[in-house]
Each structure stands twice: as structure tokens, then as C-alpha cells.
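Just so we're aligned, residue 1 is where the sequence shown starts under full-length UniProt numbering, counting upward by one.
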Amino acid sequence: MGMSVTISSAAAEDAEQIFKLQYLAFQSEAALYGNYRIQPLTQSLDSLREELAKDIVLVARLGDEVVGAVVGSTDEDGTGSIAKLCVHPRLQGHGLGNRLLRGVEEALAGRAKAARFRLHTGSKSESNLRMYRKAGYVAVGGRTAADGVELVILEKEATDYAVSA
Numbered sequence: 001m002g003m004s005v006t007i008s009s010a011a012a013e014d015a016e017q018i019f020k021l022q023y024l025a026f027q028s029e030a031a032l033y034g035n036y037r038i039q040p041l042t043q044s045l046d047s048l049r050e051e052l053a054k055d056i057v058l059v060a061r062l063g064d065e066v067v068g069a070v071v072g073s074t075d076e077d078g079t080g081s082i083a084k085l086c087v088h089p090r091l092q093g094h095g096l097g098n099r100l101l102r103g104v105e106e107a108l109a110g111r112a113k114a115a116r117f118r119l120h121t122g123s124k125s126e127s128n129l130r131m132y133r134k135a136g137y138v139a140v141g142g143r144t145a146a147d148g149v150e151l152v153i154l155e156k157e158a159t160d161y162a163v164s165a
């Protein structure tokens with residue numbers, strides 16, 4: 001068998017690989033909505049570098065190649081926001097997205113002390129909705145993004161990640 005995929009914190013030098021991966025991985029979402037103005041496709045490299053400096057960013061690596069990524073942050077009310085979960089198209093459907101999701105949840109609950117997790121996905125993104133529901137997320141609302149895409153907002157409590165003192 002080949003190399004195994006590892007999950008780790010992203011480093012500043014991963015920015016360009018994450019930027020390219022994000023652009024590639026979100027093409028299918030853009031096509032689904034007929035909208036290539038979605039945020040992961042319009043984000044600048046400098047903006048991504050800022051996320052790397054201030055947020056929790058995890059990557060999945062296959063050797064030296066970044067093949068998956070996810071961003072997490074926590075707001076003042078203890079909600080951990082999860083965004084831009086992406087996996088290289090050639091590796092989708094093998095559980096890597098679930099591993100990244102679980103990893104960012106653990107990091108948000110542990111390092112950032114998140115009490116709950118919140119994320120969003122497009123209302124037509126059935127495979128994403130299925131993955132999030134299977135991971136325990138429930139729809140709590142919706143909104144229209146600035147780019148016009150109808151989003152479903154999902155949350156789950158961080159009870160699985162109680163930190164012992």
C-alpha cells in the first residue's frame with residue numbers, strides 16, 4: 001500500500017498549497033451553483049496567510065502534498081466556527097473530510113475551549129449535508145451568502161470533547 005495521509009496543523013509555508021487546493025476542490029461546488037464567486041474561489045493568498053496566522057488551520061498531507069484543509073476559529077460566545085473544509089478531488093469519498101472535521105473539532109474544543117461548533121454549506125450540497133448530519137450536526141437556520149448562494153447553518157454541541165481538569 002502507498003503512503004498514509006496524516007492530519008496536522010498547517011504551517012505558514014503551506015499557504016500556497018492550501019490556496020491551490022482550495023481553488024481546485026471548490027470547483028465542483030461552484031459548478032453545482034453556477035456561481036464562481038463563492039468565497040473559497042475569490043479569497044486572496046494574503047487573506048489565507050492571515051487565517052494561517054490567527055486561526056486553527058489543519059491540513060491533510062500525503063507525503064509532502066497538502067490534499068485536504070479546514071479552518072477553525074472561536075468567537076466571544078464560545079462557538080467554534082468551521083469553514084472551508086476541502087479535500088483534493090482524487091481523494092474524496094475516503095473519509096478524509098471526516099478526519100479533518102473531527103480534528104478541527106478537537107482543536108477548537110481543546111485549544112480554543114469551544115462549547116459548540118457551527119458551520120455552513122450550500123443548500124444543494126447533499127454530500128456535504130449528509131457528512132455533517134452523520135457527524136452529529138443539525139440545521140439551525142439558513143441565510144443567503146453575499147455571493148447569492150443559499151446556505152444551511154448547522155451546529156452541534158462540543159459535549160464529546162469535555163476537557164478534564
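Glycine is no exception: its CB is placed at the ideal position from the N, C-alpha and C atoms.
_Pop quiz: leucine 151 and tyrosine 132 are said to be a contact at Cβ under 8 Å. What is the actual Cβ separation, rounded to whole angstroms?_
Not really, about 12 Å apart at Cβ, beyond 8 Å.
Evaluate threonine 6 with the Cβ neighbour count: other Cβ atoms within 10 Å of its Cβ, from every protein chain shown; 16 or more gives buried, anything less gives exposed. exposed
Going by the CB atoms, is the gap between proline 89 and alanine 10 shorter than 8 Å? no
- Residues bridged to lysine 156 (per DSSP): Phe117
- Message: Using C-beta distances below 6 Å, list every residue in its chain close to proline 40, excluding the 5 sequence neighbours before and after it, in chain order.
- Response: Gln22, Phe26 and Lys84
Quick check: the stretch 71-78 against the stretch 95-113, are at least 3 beta-carbon pairs closer than 8 Å? yes
The beta strand (DSSP E) spanning glycine 142 covers which residue range?
138-144
8 Å contact criterion, which glycine 68 and leucine 96 should meet: CB distance rounded = 5 Å
- alpha helix (DSSP H) segments (min. 4 residues) lying fully within the UniProt domain "N-acetyltransferase" (5-159): 15-25, 27-33, 39-42, 45-54, 96-110 and 126-134
Beta-carbon contacts of alanine 114 that lie in its chain and below 7 Å, excluding the five residues immediately before and after = Thr74, Gly78, Thr79, Gly80, Leu108 and Ala158
*asked:* Please determine whether the Cβ atom of arginine 99 lies at a distance below 7 Å from any heavy atom of the ligand ATP.
replied: This structure does not include the ligand ATP; it has no bound ligands of any sort.
Less than 8 Å between the C-beta atoms of asparagine 35 and glycine 142, yes or no? no
Residue environment, serine 125, which counts as buried when at least 16 other CB atoms sit within 10 Å
buried
ask   = Is it true that the CB of alanine 30 sits closer than 8 Å to the CB of isoleucine 38?
value = yes
inquiry  = Please report the distance separating the alpha-carbon of leucine 48 from that of isoleucine 82.
reply    = 15 Å
inquiry  = Can you tell me whether glutamate 51 is buried or exposed? The criterion is at least 16 other CB atoms within 10 Å of its CB, across all chains shown.
reply    = buried
8 Å CB neighbourhood of threonine 121 in its chain, flanking five on each side removed:
Asn128, Leu129, Tyr132, Leu151, Val152 and Leu154
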